[in-house]
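Comments concern the structure below.
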Amino acid sequence: MRQAGRSLPEYRAARVGTAMLDACLDPALASEITLQPVRRHDVDAAIFFSDIVVPLKLAGVDVEITPGVGPVMGSAVRTADDVARLRDLGPLTPEALQPVSDGVALTVDALGETPLIGFAGAPFTLAAYLVEGGPSRDHLAARTLMHADPATWTALTQWAADVTGAFLRAQVLAGASATQLFDSWAGSLSLADYTAHVAPASARALSHVADLDVKKVHFGTGTSELLAAMRDVGADVVGVDYRLPLDEANRRLGGTTPLQGNIDPALLAAPWPVLEAHVRDVVARGSVAPGHVVNLGHGVPPETDPTVLTRVAQLVHEI
Ligand code: 1CP
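Sequential numbering from 0 applies to the sequence shown in numbering that gives the first Met the number 0.
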């Protein structure tokens, strides 16, 4: 679940005095933070504490995570020269990825039987941050670039695919037993743009783990029109945000693809009977798919009462 840890007091305590990306690159701290929601909520899997921009940082990109904002680049990547400079940084090596591998290995040891999900950002979402220079609403500059200069766009997204693919691969080799590719902002694309300008790079990112025995979940928000295209880049499970009921998502996917999702994060703050009815509805609709990973339809709001999350996990286990 996106940035799930932020709602936990023990997370906020662990992070005091440590910048976000420094926390991600401290194997013992990253491992401890990964375990916190598992201990508290008794969920069936852990998601590694890291961020989609960690591999950019390790590749040498000037990026920080600014509190209350998100990833911010030292300078935006807009031109062919900017992309050439990125490519000059060279491939992301296993040596550079060592803090990630060490953090995963420590976590897998401590988790015992509970599986760890590794993850990475999809090339479009990473490119959206790189081209915009930080978070943006409509990802206009990225969407302009893919049409204005398709060769530069392709070079950029291929580079991002290889960097993010190396990050994903390192996590699996260190013991993660499933993977998730987050294309959080793909919902700003038309199906035609997604298919022509984004899907090839996402397929390339996933190809980095194609020879490994792990299931691949592919998630985006606002992607109701893109679900089949997102599966077809090589995903085993499609993550659905809270906008589309899972029975309808299953219909759009032809009834053959396991789904993940899609409790509406807004309802975490609603009275319990309202939330309970919603969770039961999500589980019922998901049961028509060939498999269902119960999850939120996007991230946990930081102000969420953690006891509510524990109660949701309990309810799902009961059902
Ligand atoms: O739940 C977890 O803690 C798991 C680890 C995790 C994951 C899976 C973090 C830690 N980030 C992510 C993925 C991530 N990061 C995504 C994809 C999923 C999604 O849609 O949320 C995206 C888009 C980011 C980028 C990012 N990092 C944002 C969003 C900014 C925007 O454009 O709106 C933010 C706020 C961050 C910072 C971040 N990453 C993670 C945490 C715990 C935080 C908060 C930082 C803090 O506590 O200081």
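Glycine included, each C-beta is placed from N, C-alpha and C at the ideal position.
Item	Value
A119 versus S49 - alpha carbon distance	9 Å
Presumed contact (8 Å Cβ cut-off) between A140 and E131, rounded CB distance	5 Å
Nearest residue (CA-CA) to A234, options E63, P199, I262 and A265	P199
Contact check, V103 vs Q170, beta carbons under 8 Å	yes
Option nearest V232 by Cα separation, candidates A160, A154, D87 and A44	A160
For W152 and L144, the rounded distance between their alpha carbons	6 Å
T220 CB to nearest heavy atom of ligand 1 below 7 Å	yes
Straight-line gap, D61 to D80 (C-alpha atoms, nearest Å)	16 Å
Under the three-state DSSP convention, the category A185 falls into	helix
Selection from T106, V293 and R5 that minimises the alpha carbon distance to D25	T106
E94, DSSP secondary structure in three states	coil
T65 - partner residues in DSSP beta bridges	G69
Span separating the alpha-carbon of S6 from that of V307	11 Å
Closer than 7 Å: H297 CB and nearest ligand 1 heavy atom	yes
F123 (DSSP reduced to helix, strand or coil)	helix
Residues bridged to V282 [DSSP beta-bridge criterion]	Per DSSP, none; premise fails for V282.
C-alpha distance - H146 paired with Y193, whole-angstrom precision	12 Å
C-alpha gap between T255 and V292, whole angstroms	15 Å
Cβ-heavy atom distance, I262 to ligand 1, below 7 Å	no
V213, DSSP secondary structure in three states	coil
Residue from V208, G59 and T78 whose Cα sits closest to the Cα of G369	Coverage of the chain is limited to positions 0 through 318, which leaves residue 369 absent and any answer about it impossible.
F218 to T178 span [Cα, whole Å]	11 Å
Q313, buried or exposed, once every other Cβ within 10 Å from all chains shown has been counted against 16	exposed
Neighbourhood of T303 by C-beta distance below 6 Å, restricted to the same chain and skipping five residues each side	S6 and L267
Ligand 1 heavy atom lying under 7 Å from the CB of D50	yes
Three-state secondary structure (DSSP) of F166	helix
Close Cβ partners of L155 (< 6 Å) along its chain, the five nearest in sequence each way excluded	V82 and A126
Terminal residues of the alpha helix (DSSP H) in which H146 lies	L139 to A147
Proximity test, Cβ basis, 8 Å: D240 and chain C	As a matter of chain content, chain C is missing from the structure shown, which is built from one protein chain.
Through-space distance from E317 to H196, alpha-carbon basis	43 Å
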